[in-house]
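> In mature numbering (1 follows the signal peptide of the UniProt record, and there is no 0), the protein residues as written are -23 to -1, 1 to 134.
1) Among 110, 50, 36, 43, which one has its Cα closest to the Cα of residue 67?
2) If you count every other CB in all the chains shown that lies within 10 Å of the CB of residue 56, and 16 or more means buried, which is it?
3) Taking buried to mean at least 16 other C-beta atoms within 10 Å of its own C-beta, is residue 23 buried or exposed?
4) Is any beta-carbon of chain D found at less than 7 Å from that of residue 124?
5) Specify the secondary structure class of residue 90 as computed by DSSP and reduced to three states.
6) Are the beta-carbon atoms of residue 72 and residue 101 separated by less than 7 Å?
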């Protein structure tokens, strides 16, 4: 029995040596490509938090989050819009103008942006400039409800 076990072990060892030592001349032709990781928008959390703070009228906190969002992703038009609006609400019109200028570079002169720029002028008391911007925005909007509300505010004051 011992001899049979010994022969089996020797045979097994021989098989291992043969299979372990053989070389395969076949070339692996499997094509592989590197899978690029999905780029995560690292500014998304700050954008969400900035909007939440803005809705709660916490404009200072909203400004911080929107500013961080544009620092992380400089082509984030929504964050630039929030940043400009936050500066407007804080009365920092010099910074608002810079944010609107950057927003126009990123997103172009869209009616919603022009509406916000008009509202910014309204907040500053620049009625003539506010009216011109708001009328421009209204002309390009499918639903001018928000612009009409801003024009009504302008006519009140």
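Using N, Cα and C, we set each Cβ at its ideal position, and we do this for glycine too.
So, to answer that:
1) The residue among 110, 50, 36, 43 with its C-alpha nearest the C-alpha of residue 67 is 36.
2) buried
3) By the 10 Å Cβ count, residue 23 comes out buried.
4) In the displayed structure, chain D is absent; only one protein chain is listed.
5) Correct three-state label for residue 90: helix.
6) No; because the gap between Cβ atoms is not below 7 Å, this pair is not in contact.
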